[in-house]
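Residue numbering for the sequence shown is 1 to 822, as defined by full-length UniProt numbering.
A short worksheet on the structure shown next.
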Amino acid sequence: MTKRPTNEGPPVTSPSGWDYHTLPDWDNDFYNEDDILAFASALSAPETSTSPSEEDLLNPKKQNVEFITALNDWRPVHRSVSKGFQRPTHASKKKKARKKQSKRGKDETREGWSYGLFKYPLLILAMGWLLFLGILYMFTRFYIFAYERYITWRGKRDRLRKSLRQQMTYDGWKDAAEELDSYLGSDKWRHEDEYAYYDDRTIRDVVRKMKSARRQAEEDEQGKRGGEQERVGGQRSVERLAELARSSIKNNFSGYENSRLYSQTYFGTKDLVQEFVDEASASLKFLFSTEQLTVEEKQDLVKHLSTNFGRTALCLSGGAGFAWYHFGIAKALLDADVLPNIITGTSGGALVAALLATRTDEELKQLLVPALAHRINACGDPWSTWFFRWWRTGARFDAVDWAKRCSWWCHGNLTFLEAYERTGRILNVTCVPSDPHTPNILVNYLTAPDCVIWSAVIASAAVPGILNPVVLMRKNRDGKLEPYSFGHKWKDGSLKTDIPLKSLNLHFNVNFSVVSQVNPHINLFFFSSRGTVGRPVTHRRGRGWRGGFLGSALEQYLKLDLNKWLKVLRHLELLPRPLGQDWSEIWLQKFSGTITIWPRSSLSDFWYILSDPTMQRLAHMLHIGQLAAWPKLKFIANRMAIEKVIEAAEETSRSESGAPIDIQGRRLRNVLSQEDLEGLLEVARNNDGVVEVPVPTELETGREQEGHPPPRPRNLERQESPSVTKRWSEWFGSMSGASSPRLLGGPSSISDFRPRQHSRRGSFMQEFKRQSQVFWDDPEAEDEEDAVSDGASEMASGDEHAMTSGDEHALTSEPEEINGAT
1 MTKRPTNEGP
11 PVTSPSGWDY
21 HTLPDWDNDF
31 YNEDDILAFA
41 SALSAPETST
51 SPSEEDLLNP
61 KKQNVEFITA
71 LNDWRPVHRS
81 VSKGFQRPTH
91 ASKKKKARKK
101 QSKRGKDETR
111 EGWSYGLFKY
121 PLLILAMGWL
131 LFLGILYMFT
141 RFYIFAYERY
151 ITWRGKRDRL
161 RKSLRQQMTY
171 DGWKDAAEEL
181 DSYLGSDKWR
191 HEDEYAYYDD
201 RTIRDVVRKM
211 KSARRQAEED
221 EQGKRGGEQE
231 RVGGQRSVER
241 LAELARSSIK
251 NNFSGYENSR
261 LYSQTYFGTK
271 DLVQEFVDEA
281 SASLKFLFST
291 EQLTVEEKQD
301 LVKHLSTNFG
311 RTALCLSGGA
321 GFAWYHFGIA
331 KALLDADVLP
341 NIITGTSGGA
351 LVAALLATRT
361 DEELKQLLVP
371 ALAHRINACG
381 DPWSTWFFRW
391 WRTGARFDAV
401 DWAKRCSWWC
411 HGNLTFLEAY
421 ERTGRILNVT
431 CVPSDPHTPN
441 ILVNYLTAPD
451 CVIWSAVIAS
461 AAVPGILNPV
471 VLMRKNRDGK
481 LEPYSFGHKW
491 KDGSLKTDIP
501 LKSLNLHFNV
511 NFSVVSQVNP
521 HINLFFFSSR
531 GTVGRPVTHR
541 RGRGWRGGFL
551 GSALEQYLKL
561 DLNKWLKVLR
571 HLELLPRPLG
581 QDWSEIWLQK
591 FSGTITIWPR
601 SSLSDFWYIL
611 SDPTMQRLAH
621 MLHIGQLAAW
631 PKLKFIANRM
641 AIEKVIEAAE
651 ETSRSESGAP
661 IDIQGRRLRN
671 VLSQEDLEGL
681 LEVARNNDGV
691 VEVPVPTELE
701 TGREQEGHPP
711 PRPRNLERQE
721 SPSVTKRWSE
731 WFGSMSGASS
741 PRLLGGPSSI
751 SDFRPRQHSR
761 RGSFMQEFKR
771 QSQVFWDDPE
781 AEDEEDAVSD
791 GASEMASGDE
801 HAMTSGDEHA
811 LTSEPEEING
821 AT
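As structure tokens, this is what we get:
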């Protein structure tokens, strides 16, 4: 049973939730006029299809600049050059420019008489067939709805279902769901271990062994000082428990995370699966808290588990005005304390994701209320204003005005890295380039740490015809805004990547996704013929098909056939491109995840799709979003129960291994080795806690990213290693006792600062072995002992050149020392 937190946010019906004066920062707009002007200046820069230079971006008033670009990767820059070329006049230039802008570019796939002859007949035939399939699909869905409404939902079953949908709190919903399961007989299914969609024998065996090993390890923990711990098969009990954890705690082990295990009841899953989750969580807590394992063993265990188990992400789709349903889903996850730390959003979902990632839990509990509608005011312009704007610019909304309004949602000019440091949540925003050559980008604190969040949110919502493509902005070291990525313009991420699961897996090892899908053109086609998480097929005790087997089979066939013909139109390039955009990807993407939540929308949502909600309407959408999320909470809670233990262990292991300390925005472990840190600690103990910490000014600020080596200094170049000839000549010179020219002047290498007792040469074989290292070792790599001695001698010496060389060497060898320590 999921433990309910005691510090939930106010419910939708709470009177305090309807007063916008209770919202945190309700009267603070969080924007700076200079930053808005910088954004407007970047938007007014010359618009080209190529990448302008930095000089062009810094001088937007520069005129008569010709940017050279090709139409695609296979065509030349200029289409043709006649033999009798004459310089055209100014009037002919303008005429040709207008002609080029009006013509659509051609490529090899569009050439040939057959394409021009058969293009439109094939397009008309395919579109007609798609229209017929769409109408047939709508009739099929209407038949399934009527089948379930008038055949399945009758009598007491229907009354219990209506009671389930009328609940206003999660506790009330859970009681109603358990009552409905008991009436349908689904509660008996939970007590039976056997099921075709997971390996119950393996799960049962692992639970039994894990309980036994943990019980014995706890006994050893309590009585370990009285005698030697009992060993079985050469292993201690705690070692056997750790081995079991390594083998079984991984993503979907033996199918225990199969969504079908949560699709047979309205609440809960198999008792055996729940027992495995509880035991795995308890065993991990013991392993990471016991003193029987060393720090190194715990670090190795948590690294292994984190890699195999993966992470969970909340993905918020686009959908314009439908995106406000995301607030209800986020509120349900937050109240249950299962809101993932990785959040991604696209288009309208990006605005909701920005709010979630830039506010703390306490702030979000006060913000996710109906009064939040006071801040949703991006569509407040009258029709006379937006119509003439659309006629003049081709877009209904103004990007500069949206920048001012969006600043509040993103807590001002926070960058992705600053938001991560403030809340610990990882925000991801999908943006699509306005040109056809640049790849899509998933903006986060790894790919674009200095990018300002509100610029990415606006870019992700720039649907052609609604908002023109915009420039991403980044914050420089002075805190001022400037164009990001050479001033390229970006637009709506839903056009190509609404749910960026591949990128999330690449950057953050995400293999479990909770998708909130509200896109109106996709929501209509979501259909689970065998039920979904928290919403089983009710007739035949969950073993049947929605609408009967024939109804589900027809629905599946029609949907696959629609998808097939859309792919044919795209690959044959028959589809027109309104507003210069290929719209095929809005249908052919993957829009679902491990858990897909789609709130029940209504026809009135289409009328208000581009308007701001009132408090009453937002309250309704919050409630519908919560109702859609509550059936999924048990599945998510079981996943997060193990993941949170692993994340807490990662934080503990980092602190036990010597946690990085922030001093003026820099990390000590980026600069100092483990020995240096221990030396500073000893000095602090002997000096009443006072110690002077050397921090180089060359290091760039920022957090050391997890799983990445510390950043290198920007202005330190890689030093050239001495050649083999030079090394051998120095060696023979030292053996013969000849004086070296470098002794007459200043020092020329770090070895000149070593104490005299270390300058003695070894035997001939030792020296030969040391000098021959150049053939297979990196010349820059030094032994750890040499690095420590070099640093000590350089600190003692007062020569400026020695200090520079020593700092460079310490900075170069520091990542290896950190990796060895951790």
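The beta carbon of each residue, even a glycine, is placed where N, CA and C say it ideally should be.
Note that the structure is a prediction, hence the values are computed from the model and not measured.
The straight-line gap separating the alpha-carbon atoms of leucine 37 and proline 469 is approximately 17 Å. If you draw a 10 Å sphere on the C-beta of proline 464, you find 16 or more other C-beta atoms in it, and that means buried. In this structure the stretch 275-282 does not touch the stretch 313-330; the number of beta carbon pairs closer than 8 Å is below three. Residue nearest to histidine 374 within the set Pro11, Pro24, Thr13 and Ser14 is Pro24 (criterion: CA-CA distance). Proximity of the stretch 298-318 to the stretch 502-520 meets the contact definition, three or more beta-carbon pairs being nearer than 8 Å. In the DSSP annotation of this structure, the continuous segment of the beta strand (DSSP E) that includes valine 514 starts and ends at 510-516.
Closest in C-alpha terms to serine 601, from the list Pro520, Thr532, Pro613 and Asp561, comes Pro520. Judged by beta-carbon spacing, aspartate 193 lies beyond the 9 Å limit of aspartate 187, meaning their Cβ atoms are not closer than that value. In terms of Cβ geometry, alanine 354 and tryptophan 454 form a close pair [threshold 9 Å]. Fewer than three Cβ pairs drawn from the stretch 358-366 and the stretch 429-444 lie within less than 8 Å of each other, which leaves the two stretches out of contact. One alpha carbon belongs to phenylalanine 397, the other to cysteine 379, and they sit about 8 Å apart.
Burial check for serine 14: the Cβ neighbour count within 10 Å stays below 16, so the residue is exposed. In the DSSP assignment, the residues bridged to asparagine 428 are Thr344. The Cβ atoms of methionine 621 and alanine 42 do not sit closer than 9 Å to each other. Counting along the chain, tryptophan 587 sits inside the alpha helix (DSSP H) bounded by residues 585-588. In this structure, isoleucine 249 sits near leucine 305, with a CB-CB distance shorter than 9 Å.
Counting along the chain, the unbroken beta strand (DSSP E) around alanine 313 starts and ends at 311-316. For the stretch 135-188, the full-length alpha helix (DSSP H) segments reaching 4 residues or more read 155-165 and 170-184 along the chain. Using a C-beta cut-off of 8 Å, the stretch 197-216 makes contact with the stretch 265-276, since at least three inter-stretch Cβ pairs fall below that distance. Arginine 389 carries a helical assignment under DSSP once its states are collapsed to helix, strand and coil.
Burial of valine 471 is indicated by the presence of at least 16 other C-beta atoms within 10 angstroms of its C-beta. For the pair proline 631 and valine 537, the CB atoms are not nearer than the 9 Å cut-off. Within the stretch 524-611, the complete alpha helix (DSSP H) segments of 4 residues or longer fall at 548-571, 585-588 and 604-607, listed in chain order. Alanine 336 and histidine 571 have their C-alpha atoms some 45 Å from each other. In this structure, DSSP gives arginine 396 a state outside helix and strand, which the three-state scheme calls coil. Check the Cα spacing between proline 500 and each of Lys491, Lys644 and Val515: the tightest is with Val515. Residue nearest to leucine 467 within the set Leu368, Gly348, Asn523 and Lys365 is Gly348 (criterion: CA-CA distance). Proline 613 and aspartate 19 have their C-alpha atoms some 15 Å from each other.
Taken atom to atom, the span from the alpha-carbon of alanine 637 to that of arginine 577 is near 44 Å. Taken through DSSP and simplified to helix, strand or coil, glutamate 482 comes out as strand.
Counting other Cβ atoms within 10 Å of its Cβ, aspartate 35 reaches 16 or more and is therefore classed as buried.
Phenylalanine 527 and tryptophan 598 do not touch by the CB rule: their CB atoms are close to 10 Å apart, not below 8 Å.
With respect to leucine 351, alanine 461 sits close: the two C-beta atoms are nearer than 9 Å. Two segments are said to touch when three or more pairs of C-beta atoms, one from each, lie closer than 8 Å; by this definition the stretch 562-571 touches the stretch 127-138.
If you keep only unbroken beta strand (DSSP E) runs of at least 3 residues inside the stretch 320-387, you get 342-345. With the rule of 3 Cβ pairs closer than 8 Å, the stretch 143-159 does not count as touching the stretch 583-597.
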